[in-house]
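Novice: The structure follows.
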Amino acid sequence: MSTATPRAVEVVALGCADPRAPIGDDVMRSGPERMALRLMSRSAVLAYHAAREALAGAAWPDLTEAGLFMAVGASGSDLEQLRRILLASQGERGFTLARFGEQGLRVCNPLFAFQLMNNFTMAHTAILTGTRGPNAVLFSRGVGTLAALDEALAALRHGDCARALVGAADSAVHPVTALEHTRWHGELADAPAGEGAAVLALAAVDPRAGAPEPGAGPSRWHIASVEWSEGGAPRPGAPSRAALGIADDDAVVLHGWRADVAAELATALAGRAAPAVSVLSLPDCLAATAPLAWAEALSRAPATCHALAVVTADRDGGVGAVRFVRGAR
Amino acid sequence: MSRRVFVRAVGAWTPMRPQGASWRESLPLLLAGETAVREVTHFDTAGFPSRVAAWIGDDAVAAACDRRAALTTRALEEIEAEVELAALAGPKLGVFLGAESGRASPAAILRLAHAAAPAGTFDHAAFVAHAAAAAGAAAAVAARSVSPAAVASALAARLGALGPVHTVSLACASGASAIVSAVRQLRAGACDAAIAGGVGADVDPFMLVGFGKLGALSGSGLSRPFDRARDGFVVGEGAALVLLTTEPPDGDEVFEISGVGASLDGFHLTAPHPQGDGAERAMRAALRESGRSQVDYVQAHGTSTALNDAAECAALARVFEQPVQPGRPLVSSIKGAVGHWIAGAGAIGFLCAVEALRGNVLPTAGLTHPDDTCPGQHVMGAGRTGLALQSALCNAFAFGGANASLLVERR
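Protein chains in written order, with my numbering: chain A, 10 to 338; chain B, 17 to 427.
Here it is as structure tokens:
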């Protein structure tokens, strides 16, 4: 599917919880975050780290109307706590619901529930940062995260908000998630499982509005298009270069763990005027993989690069591309 | 100028009959003020904080691998009986569904837990090494039914929908937020038609324990939104869907979603902002989009919890402080009748808003003595029929502070 973005949307800042430099909880053990930490899933912690960094870069004075659009995976709860609940629920005849209700409850921290709900990956960030505008939490296993970006763009274009955070956080190393993927897909030697988050701070560029965002100018990246195709029937396989909206003169960055798709796209891209194709080697962070690739590509792009397509693929066969251009071209 | 979005058809599967009921079948019962809340008998609730729910005893639903998908299919069938959906299949049909994670069986989770802790404490390496074998094939089947996205994907496959497929997981605001997403994408041209809505299938041991432990469930076992005796919500289950199109439908009943609004409280994980600040901003955003300052009817979120109902009514009082017509807007909440569907709540609420424009305003079942903290033109007892209403607002607010409002008008 695709949506054009006639009203320019620019990337003001970005923030990451980089899977190659794992973040410990210790950085949150002071200030208001300290109380929140015990309620947060790992994904929620990662999301907040990334959002905090993006907001520091954006330096927006007021977040009351700012949007927050996140893609999330299955929020990973503390399995030790779950184990305690279940073990307490076993009697001589094994697990029973009656014992679950009576004994299991006694060892259950009621706040445990907040690690289980998918939207709390976003909710903690909203509360801790004071972001209070339009929002969405979309479930994603990879390329579906582009739908969250598309939602943010739609809200910015329509004027629901002038500024928005968009990104994802996920942990592929949570035990249950890791198990699930091992069972379904086998080990992927070229794609180690990881955890991370990345958040872009976006602003609508409206010529009728007043002063531009601080630092705005021709060097700032704008989002030109978002194209993706999710995996699985009845959807088609990897889309062509044209379907992904990649122009002849774009520099292309592939997130490279999905070798078969990368090879297919490399062949499709071989005849382009601009030969630059880079392959990133990031751990697979499921929902967070795509925004991590965007952030990495934007951070690394040289000043001479004016158009950039970041192509990501996921384990379900989904493929998507986000095209960034310098200035409002 | 963005495109307009119309309601073409609605469908639901509700607990208003023990074996489940379509929206059409549910209406007379809802108008009579009946409630679907009853004792849970399909699993042992001894020792649970709450032993009642508005649940569906449909054998086919019970036998399904994924209860959420089974409920959603029932709701879709009501739309399919009215509209030839095959004609809409293709890249311009989208699916937007509010859904949370499904549930693996306690037995499957227990096997995983044992694999996680062979030596008494959780061991990540041991878990990964042993859990696959320990869990067995049954757990794998369960895992597939746990993903929030599984329901929307199955729906898209059934419909041949090749447009956007979004799974919105915003807890109690999921269903309404999914409709917000659909409206955004229809306006933007990503699709010309969309199936949107939500499903809740949370009448299970984990949710009854979880919400009960939080103190959110009614100790009296009654859902009484806005009542002075309200003491928490009752879990319900069901699915509600709408078919939205950018082309207005033929006939006399033309309903347009003219405004949507979404906001975040950014305040607290469970408690709403005490003055309903986020709720007010969501409602005002929907009103602003539609160009209205008033509506005839509000299908409130109305959970029957002390804090939510008071905060929502405070926000309503500010937003509609100067009614153009005395006695407006009428206010009611479906949760007194069908319980709280969590991810499906906003969707079934939206169907109530549409129904109000058809002249049928449903009452708040269980409400007999409105609380002083919940002022408003409450519809109590039986519903009201034959009304000529032009506009209706639907609210949905979530744990975590996400708010969504949908404004629908008769054209």
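Ideal Cβ positions, reconstructed from N, Cα and C, are used throughout, including at glycine.
So, do the stretch 166–179 of chain A and the stretch 72–80 of chain A have three or more beta carbon pairs nearer to each other than 8 Å?
Specialist: yes
Novice: In terms of DSSP beta bridges, what is B:N448 paired with?
Specialist: Chain B is shown from 17 up to 427; residue 448 of chain B falls before or after that span and cannot be answered.
Novice: Out of B:G365, B:L367, B:A326, point me to the one whose CA is closest to B:T389's CA.
Specialist: Your numbering for residue 389 of chain B matches position 373 in the second sequence. Out of B:G365, B:L367, B:A326, B:A326 has the C-alpha closest to the C-alpha of B:T389.
Novice: Where does A:D159 land, buried or exposed, given buried means 16+ other C-beta within 10 angstroms?
Specialist: In the first sequence, residue 159 of chain A corresponds to position 150, counting from 1. A:D159 comes out buried.
Novice: When you compare only the Cα positions, how much space is there between B:E272 and B:A115?
Specialist: Taking the first residue of the second sequence as 1, we reach residue 272 of chain B at position 256. Taking the first residue of the second sequence as 1, we reach residue 115 of chain B at position 99. Between B:E272 and B:A115, the C-alpha separation is close to 24 Å.
Novice: Flag this pair as yes or no: are the beta carbons of A:R141 and B:L280 separated by less than 8 Å?
Specialist: The sequence position of residue 141 of chain A within the first sequence is 132, counting from 1. The sequence position of residue 280 of chain B within the second sequence is 264, counting from 1. Yes, the Cβ-Cβ distance between A:R141 and B:L280 is below 8 Å.
Novice: Nearest to B:F336 by alpha carbon, out of B:S349, B:G392, B:I350, B:E371?
Specialist: The residue labelled residue 336 of chain B in the question sits at position 320 within the second sequence. Selected option, being the one with the closest Cα: B:G392.
Novice: For chain B, is any of its Cβ atoms less than 8 Å away from the one on A:I136?
Specialist: For the purposes of this step, residue 136 of chain A is taken as residue 127 along the first sequence, with counting starting at 1. So, interface residue.
Novice: What does the alpha-carbon distance come out to for the pair A:V262 and A:I232?
Specialist: Translated into the one-based positions of the first sequence, residue 262 of chain A becomes position 253. Translated into the one-based positions of the first sequence, residue 232 of chain A becomes position 223. Using only the alpha carbons, I get a separation of about 15 Å.
Novice: Identify the contact partners of B:L203 in chain A, using a Cβ-Cβ distance below 8 Å as the criterion.
Specialist: Here the question's residue 203 of chain B lines up with position 187 in the second sequence. With the sequence shown as reference, residue 203 of chain B is identified as Arg, and Leu is not the correct amino acid for it. Under the 8 Å cutoff, chain A gives A163, H167.
Novice: Measure from the C-beta of B:P288 to each C-beta in chain A and report whether the shortest distance is under 8 Å.
Specialist: Locating residue 288 of chain B in the second sequence gives position 272, counting from the first residue. Taking Cβ atoms only, chain A never reaches closer than 8 Å to B:P288, which makes this a no.
Novice: With a cut-off of 8 Å, does the C-beta of A:A132 fall near any C-beta of chain B?
Specialist: Taking the first sequence and counting its residues from 1, the one referred to as residue 132 of chain A is at position 123. By this cut-off, A:A132 is an interface position.
Novice: How should A:T130 be labelled, buried or exposed, when 16 other C-beta atoms within 10 angstroms of its C-beta is the threshold for buried?
Specialist: By 1-based counting over the first sequence, the position of residue 130 of chain A is 121. Buried.
Novice: Classify A:E239 as helix, strand or coil using the three-state DSSP reduction.
Specialist: For the purposes of this step, residue 239 of chain A is taken as residue 230 along the first sequence, with counting starting at 1. The answer is coil: DSSP assigns A:E239 none of H, G, I, E or B.
Novice: Would you kindly work out how many angstroms separate the C-alpha atoms of A:Q7 and A:A97, rounded to a whole number?
Specialist: Because chain A in this structure spans residues 10 to 338, residue 7 of chain A falls outside the shown range and cannot be described.
Novice: By how many angstroms is the C-alpha of B:T57 removed from the C-alpha of A:R115?
Specialist: Translated into positions along the first sequence, residue 115 of chain A becomes position 106. Translated into positions along the second sequence, residue 57 of chain B becomes position 41. So the alpha carbons of these two residues sit roughly 23 Å apart.
Novice: Could you tell me if A:R47 is buried or exposed, where buried requires 16 or more neighbouring beta carbons within 10 angstroms of its beta carbon?
Specialist: The residue given as residue 47 of chain A occupies position 38 in the first sequence. When all chains shown are included, A:R47 counts as exposed.
Novice: Using 8 Å as the limit for Cβ to Cβ distance, is B:T61 near chain A?
Specialist: On the second sequence, residue 61 of chain B is found 45 positions in, with the first residue counted as 1. Output row for B:T61: interface = yes.
Novice: Strictly under 8 Å for the Cβ-Cβ distance: is A:F78 near chain B by that measure?
Specialist: In the first sequence, residue 78 of chain A corresponds to position 69, counting from 1. A:F78 does not count as touching chain B.
Novice: Can you tell me whether DSSP reads B:V157 as helix, strand or coil?
Specialist: Residue mapping note: residue 157 of chain B aligns to position 141 of the second sequence, counting from 1. In this predicted model, B:V157 has a pLDDT of only 47, less than 50, meaning its place in the structure is not dependable; the value taken from the coordinates is given anyway. Helix, per DSSP.
Novice: Would you report the Cα separation of A:P243 and B:A173, rounded to the nearest angstrom?
Specialist: Counting from 1 along the first sequence, the entry for residue 243 of chain A is found at position 234. Counting from 1 along the second sequence, the entry for residue 173 of chain B is found at position 157. In this predicted model, A:P243 has a pLDDT of only 41, less than 50, meaning its place in the structure is not dependable enough to derive any value.
Novice: Let me check understanding here. Comparing Cα to Cα, which of A:A206, A:G254, A:V81 lies closest to A:A30?
Specialist: Translated into the one-based positions of the first sequence, residue 30 of chain A becomes position 21. Checking every option, the nearest Cα to that of A:A30 belongs to A:A206.
Novice: Taking 8 Å as the threshold (beta carbon to beta carbon), is A:G66 in contact with chain B?
Specialist: Position 57 of the first sequence, counted from the first residue, corresponds to residue 66 of chain A. Closer than 8 Å: no.
Novice: Below 8 Å, how does it come out for the stretch 29–39 of chain B and the stretch 307–316 of chain A: are there three or more Cβ pairs, yes or no?
Specialist: no
Novice: Give me the Cα-Cα distance between A:A22 and A:A45, rounded to the nearest whole angstrom.
Specialist: Start at 1 with the first residue of the first sequence, and residue 22 of chain A comes out as number 13. Start at 1 with the first residue of the first sequence, and residue 45 of chain A comes out as number 36. Going from the Cα of A:A22 to the Cα of A:A45 covers about 25 Å.
Novice: Find the residues of chain B that neighbour A:F336, judging by a C-beta separation of less than 8 Å, and give them in chain order.
Specialist: Sequence index remark: in the first sequence, residue 336 of chain A carries index 327 (1-based). The sequence shown places Gly at residue 336 of chain A, not Phe. Per Cβ cutoff of 8 Å: no residues; A:G336 is ~23 Å from chain B at best.
Novice: Specify, as a first and last residue, the run of the beta strand (DSSP E) that A:V261 falls within.
Specialist: Translated into the one-based positions of the first sequence, residue 261 of chain A becomes position 252. Here the beta strand (DSSP E) through A:V261 covers 260–264.
Novice: Under 8 Å, Cβ to Cβ, is there at least one residue of chain C near A:R141?
Specialist: Although the question refers to chain C, the structure presented lacks it and instead comprises the protein chains A and B.
Novice: Is it true that the CB of A:R51 sits closer than 8 Å to the CB of A:S149?
Specialist: Residue 149 of chain A sits at position 140 when you count from the first residue of the first sequence. Residue 51 of chain A sits at position 42 when you count from the first residue of the first sequence. Contact: no.
Novice: Could you compute how far the alpha carbon of B:T51 sits from the alpha carbon of A:D293?
Specialist: Position 35 of the second sequence, counted from the start, is the residue given in the question as residue 51 of chain B. Position 284 of the first sequence, counted from the start, is the residue given in the question as residue 293 of chain A. If I take the Cα positions, the gap works out to 48 Å.
Novice: Is it buried or exposed for A:R61, if we count other Cβ within 10 angstroms and need 16 for buried?
Specialist: Taking the first sequence and counting its residues from 1, the one referred to as residue 61 of chain A is at position 52. Here A:R61 is buried. Its C-beta has 16 or more other C-beta atoms within 10 Å.
Novice: Can you tell me the Cα-Cα spacing of B:T183 and A:G153, whole angstroms?
Specialist: What you label residue 183 of chain B is simply residue 167 of the second sequence in a count that begins at 1. What you label residue 153 of chain A is simply residue 144 of the first sequence in a count that begins at 1. Approximately 9 Å between the Cα atoms of the pair.
Novice: Work out the CA separation of B:V340 and A:G254 for me, nearest whole Å.
Specialist: Translated into the one-based positions of the first sequence, residue 254 of chain A becomes position 245. Translated into the one-based positions of the second sequence, residue 340 of chain B becomes position 324. Cα to Cα, the separation comes out at about 50 Å.
Novice: Using DSSP bridges, identify the partner residues of B:T183.
Specialist: In the second sequence, residue 183 of chain B corresponds to position 167, counting from 1. Its beta-bridge partners are B:L113.
Novice: With 16 as the cutoff for other CB atoms within 10 Å, does B:S348 come out buried or exposed?
Specialist: Taking the first residue of the second sequence as position 1, residue 348 of chain B is located at position 332. Buried is the call here.
Novice: At a CB distance below 8 Å, what residues from the stretch 409–425 of chain B approach chain A? Give them in sequence order.
Specialist: A414, F415, G416, G417, A418
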